[in-house]
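Beneath this line is the structure, given in C-alpha cells, with notes to follow.
There are 2 protein chains.
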Amino acid sequence: MNRPIFVILAEGKLGLETSKTAASTIRYLPDRVAAVIDSLHAGLTTHDVLGTGGGIPVVSSLAEALAVDGETPQALLVGVANRGGTIPTEHRPVLLEAVGAGLDVWSGLHERLADDPDLVARARQQGVRLVDLRDPPADLPVGTGLALGTDAFRVLTVGTDCNVGKMTASLEIRRALQERGVDARFAGTGQSGIVIDGAGIPVDAVVSDFVSGAAERITLEAAEGADVVLVEGQGSLFHPGYSAVTLGLLHGSMPHAMILCWMPGRTKVYGGGYEWMDLPSPAAAIEAYEEAMRWVAPQLDSGVIALSANTYDLSEDEARRVVEEAGVATGLPSTDPVRFGAEPLAEAIERAWRGRQSPE
Amino acid sequence: MNRPIFVILAEGKLGLETSKTAASTIRYLPDRVAAVIDSLHAGLTTHDVLGTGGGIPVVSSLAEALAVDGETPQALLVGVANRGGTIPTEHRPVLLEAVGAGLDVWSGLHERLADDPDLVARARQQGVRLVDLRDPPADLPVGTGLALGTDAFRVLTVGTDCNVGKMTASLEIRRALQERGVDARFAGTGQSGIVIDGAGIPVDAVVSDFVSGAAERITLEAAEGADVVLVEGQGSLFHPGYSAVTLGLLHGSMPHAMILCWMPGRTKVYGGGYEWMDLPSPAAAIEAYEEAMRWVAPQLDSGVIALSANTYDLSEDEARRVVEEAGVATGLPSTDPVRFGAEPLAEAIERAWRGRQSPE
Chain A
66 MNRPIFVILA EGKLGLETSK TAASTIRYLP DRVAAVIDSL HAGLTTHDVL
116 GTGGGIPVVS SLAEALAVDG ETPQALLVGV ANRGGTIPTE HRPVLLEAVG
166 AGLDVWSGLH ERLADDPDLV ARARQQGVRL VDLRDPPADL PVGTGLALGT
216 DAFRVLTVGT DCNVGKMTAS LEIRRALQER GVDARFAGTG QSGIVIDGAG
266 IPVDAVVSDF VSGAAERITL EAAEGADVVL VEGQGSLFHP GYSAVTLGLL
316 HGSMPHAMIL CWMPGRTKVY GGGYEWMDLP SPAAAIEAYE EAMRWVAPQL
366 DSGVIALSAN TYDLSEDEAR RVVEEAGVAT GLPSTDPVRF GAEPLAEAIE
416 RAWRGRQSPE
Chain B
66 MNRPIFVILA EGKLGLETSK TAASTIRYLP DRVAAVIDSL HAGLTTHDVL
116 GTGGGIPVVS SLAEALAVDG ETPQALLVGV ANRGGTIPTE HRPVLLEAVG
166 AGLDVWSGLH ERLADDPDLV ARARQQGVRL VDLRDPPADL PVGTGLALGT
216 DAFRVLTVGT DCNVGKMTAS LEIRRALQER GVDARFAGTG QSGIVIDGAG
266 IPVDAVVSDF VSGAAERITL EAAEGADVVL VEGQGSLFHP GYSAVTLGLL
316 HGSMPHAMIL CWMPGRTKVY GGGYEWMDLP SPAAAIEAYE EAMRWVAPQL
366 DSGVIALSAN TYDLSEDEAR RVVEEAGVAT GLPSTDPVRF GAEPLAEAIE
416 RAWRGRQSPE
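Heads up: the sequence lines are chains A and B, in that order.
Residue numbers for the first sequence follow my numbering, beginning at 66 and rising by one.
Residue numbers for the second sequence follow my numbering, beginning at 66 and rising by one.
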C-alpha cells in the first residue's frame, strides 16, 4: 500500500492518548504528513503538542492545510473517532470539502466511508478514492492453530489496558532488532499500524468467529522468511469492552513470547464508562496472559519476557523509578522504548529466540 | 418473531453433533417441523435418528417434504453448514427450489442469503422472505459492564468445548426453574437459540469490538423483570477458533454464576483441524472460567456452581458413572439435563440466587 502525503484531521483532540492514529502516523511517517487540522492547537507544531514530528504545522482548517508550503497533500486521514468508531457528525463537512478539493480520504473507523452515499457520489464525481482501513478481507478462516507452524519466532505485545503503547512497542522493537541484524517483521492488526506499515488486518473489525483466523493469517504472512515476527496486540484481557479481540489475537498468533505493555501513570481502565475498574498490576497481568496461552497451547510454555512502559505523562525521574521498580518486582527486563530505548526488549527477544533455536 | 412450519434441510448430516440447528429445532419446536430432508436417513423418523421429535418424517427431497401429510410447510430452514458458515454449494439448488415453491428460507449461516443475487431476485419474484438469523443489529455498543446492574440473577452456560450442549442446558434449566415457580428467561446468542426462542443476537456474527456489547444488550433485555436470566453460552476458552466469542460473552453478560457444560465421551477439541488438542477436565475448565471473570469483576466472586453433561453417545450405565464421578471430583451438583433431568442445575441456581438476595 503506497502512502500518500496526508493532511490529518484531529480536530479538538490532537494528543498521544486522544488521537492515536494521528499521533502514531506523525511519529512514524513524519515525511508523509503535510499538516494537522486541530483548531484547539492551531499555530503550534506537532513537536510542541506531541514531542514528535518536528515542525509539522497544526492549522485550524482544511483550507489552511492546503495552503501550507511544501509537498502537496494527496489525502485526508481521519485521525479522530467517537466511541464505537463512528464518524463524528461535525467532521462530515470536512470530509466532503477534502473530496471537493481532490483529496482521497483515508479512515480507520468502524463506520465505513463507503457506506456514506453523499461521500461516495462526490468521490466518484471527483475521481478520488475512499480508503476504509478497517475493512477486513471477506474470506477469513476460523483459526486452527496454524501459526504454531512458523519457523519464525512469534512475539505478541499484550497490555494491562488498551491504548498503552502496544503498536509503538512493536515498531520500536522491530527497529532495535533490525539494528542487531535480526530479520524482524511487523504484523499490523489495527488501523494505525496498517497506515504506518502499509499492510495488515484490522482484527477488531473482523466478525468474532474469525478473529483468531485473521490473527493466524497475518502471523503466517509476516512470518514468511523472517527470524522474528512482532504481532501488534490489541485491547486487554482486563478490558470488558475489548477482551474478546485480545483473546482471539492470542489464540490466533500463538506467541512463543509476549511483551507486556503498561502505563504506570494510569490507574483505571481506559475509556469513558470504566472508572469503576482498577487496572491490574504488571505481575497480575503477566499471570493472566500466560494462563490464557496455556488453555490452547501448554506445550509452547509461552511467557511474558519483558515489560514495556508508556511514561509520557510522568517526569523523567518518576519514569525511571517506576520502570526500574516494575523490573525488580517481576524479575524481567523493563524499559520505556520511546523514552529510554527498546534495546532491553530486543535483547530479551533475541535471547529467547536463539534459546528456542538451539535448546540445550 | 413468529415461527412458521418448517421443512429442515439437513442433507447427509442429520445428527445431534453434525446438524445442531436441525436437531435442536426438532427437539424444542417439534410442532413447527413438517419434515426433514436428508437422503442418508430417508424413510426413518427423527425419533429413529435423534431420539426426539416423535414421528417427523425424514425424506430425500423437497418435493417429498412438500407431499407429506399434515400442516403445509411455510419455510425451509437450513440446518447444515460448511466450516466457517458458508452455504454448501450443492444446497443452492434446493434453496432456489424452495423459493420457487413459495417457501420463505431461513438460515443461520455466516454467509447471508441476502448476498446471493440469484436467490434475492427469485425471492422478490415469488414474494417470499429470506431470513438471515445471523445478521446482528447494526447499532451495537462497546461493552461497559452495564449488565452488572440487573436485578435478575445472571447465569451463563460455559463449556469445555463448543457443541457440548450449552443451549440445551439453558433451555432445560429454564423449564425446570419455571416449574419451581422462578421467573427464568432465556437470552439466545446463536442461530439455533434464536430460532427456538424467537429472539436474541447471534454474537459470533458480531464484529469483535462489539461482542461484549451485544452480550450486554441481550442480557439487559432478557433480565427486565425476571428473577433469573439464563444467557446461552458459545464456544469455549479452550477452543482456539472460538475463544474470543466466549470471552466477549463472559465479560458482556457478567454472570453471577456459571454452569459448566461438557461431553464426557469427547477427548479432543471439536471440529476438523483440532485433533492435536486435548480437552480440559471439568476441574481445569472451572478454574479458567472463574479466573477470566476475576479479570473484570472480582467483586462478583462469580463461580461455576454445577455441571451439565451431554452423554448421548454413552450407555446409560456409563453416563451415570461419569456424571457422578465428575460431581464428586468437583464437589458440585452434576447431571445430564436431557437424560437425567435438569433439577440439580435448577436447584443450584435457585439456591445461589436466593443466597445473593438475602446475604447473611
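Yeah, the Cβ is synthetic: ideal placement off N, Cα and C, and Gly gets one too.
- Sixteen is the threshold: since fewer than 16 other Cβ atoms of the shown chains lie within 10 Å of the Cβ of Asp204 of chain A, the residue is exposed.
- Across the structure, Ala291 of chain A and Gly263 of chain B are spaced so that their CA atoms are roughly 50 Å apart.
- Judged by DSSP secondary structure, Leu184 of chain A falls outside any beta strand (DSSP E) and instead within the alpha helix (DSSP H) spanning Pro182 to Gln191.
- Its chain contains Glu76 as the residues whose beta carbon lies nearer than 8 Å to that of Glu155 of chain B, once the 5 sequence neighbours on both sides are disregarded; these appear in chain order.
- Look at Ser125 of chain A here: in three-state DSSP terms it is coil, with no helix or strand label.
- Secondary structure at Lys85 of chain B: helix, using DSSP grouped into helix, strand and coil.
- Bridge pairing for Cys227 of chain B: absent [DSSP].
- Annotation for Trp327 of chain A: the continuous beta strand (DSSP E) segment containing it runs Ala322 to Trp327.
- Between Pro402 of chain B and Glu162 of chain B, the CB-CB gap reaches or exceeds 8 Å.
- With a beta-carbon spacing of about 5 Å, Leu213 of chain B and Met319 of chain B fall inside the 8 Å limit used to define contacts.
- The DSSP-derived three-state label of Ala288 of chain A is helix.
- Around the beta carbon of Pro182 of chain A, a 10 Å sphere encloses fewer than 16 other beta carbons of the protein chains shown; the residue is thus reported as exposed.
- A straight-line Cα-Cα distance of about 41 Å links Arg97 of chain A and Glu281 of chain B.
- Burial state of Pro329 of chain B is buried, judged by a 10 Å Cβ sphere holding 16 or more other Cβ atoms.
- If you ignore the 5 residues before and after Thr332 of chain B, its C-beta comes within less than 8 Å of the C-beta of Asp343 and Leu344, all in its own chain and listed in chain order.
- Within chain A, the C-beta atoms nearer than 8 Å to that of Gly208 of chain B come from Pro305 and Gly306, in chain order.
- With its beta carbon less than 8 Å from one in chain A, Trp360 of chain B belongs to the interface.
- Using a CB distance cut-off of 8 Å, Leu312 of chain B counts as an interface residue toward chain A.
- The C-alpha of Ser235 of chain A is placed about 14 Å away from the C-alpha of Glu244 of chain A.
- In this chain, the beta strand (DSSP E) harbouring Arg250 of chain A covers Ala249 to Ala252.
- Three or more Cβ pairs drawn from the stretch 98-116 of chain B and the stretch 72-88 of chain B lie within less than 8 Å of each other, which places the two stretches in contact.
- In this structure, Ala146 of chain B lies away from Leu312 of chain A, with their beta-carbon atoms at least 8 Å apart.
- Think of a sphere of 7 Å around the beta carbon of Leu302 of chain A: the chain B residues whose beta carbon falls inside it are Trp360, in chain order.
- Per the DSSP secondary-structure output, Phe71 of chain A pairs in a beta bridge with A:Val98 and A:Ala140.
- Taking Arg219 of chain B as reference, the option from B:Gly230, B:Thr225 and B:Ala249 with the minimal CA-CA separation is B:Ala249.
- Judged by their CB atoms, Leu178 of chain B and Gly150 of chain B are not nearer to each other than the 8 Å cut-off.
- Here DSSP, grouped into helix, strand and coil, assigns Leu221 of chain A to strand.
- Among the CB atoms of chain A, none fall inside 8 Å of the CB of Tyr335 of chain B.
- With a threshold of 8 Å between beta carbons, Ala270 of chain A makes contact with chain B.
- The beta carbon of Leu379 of chain A sits closer than 8 Å to the beta carbons of Pro329, Gly330 and Val387 from its chain, once the five residues preceding and following it are set aside; these are given in chain order.
- Under the 8 Å Cβ criterion, the stretch 406-417 of chain B counts as touching the stretch 369-377 of chain B, having at least three qualifying pairs.
- Apart from the 5 residues on each side of it in sequence, Arg404 of chain B sits with its Cβ closer than 8 Å to the Cβ of Thr376, Tyr377, Glu381 and Ala384 in its chain, given in chain order.
- Inter-residue distance for Asp197 of chain A and Gly406 of chain B is about 52 Å (C-alpha atoms, whole angstroms).
- For the stretch 126-160 of chain A, the set of positions with a beta-carbon nearer than 9 Å to some beta-carbon of chain B reads Arg148, Gly149 and Gly150 in chain order.
- Judged by beta-carbon spacing, Leu285 of chain A lies beyond the 8 Å limit of Gln299 of chain A, meaning their Cβ atoms are not closer than that value.
- When secondary structure is reduced to three states using DSSP, Trp171 of chain A falls in the strand class.
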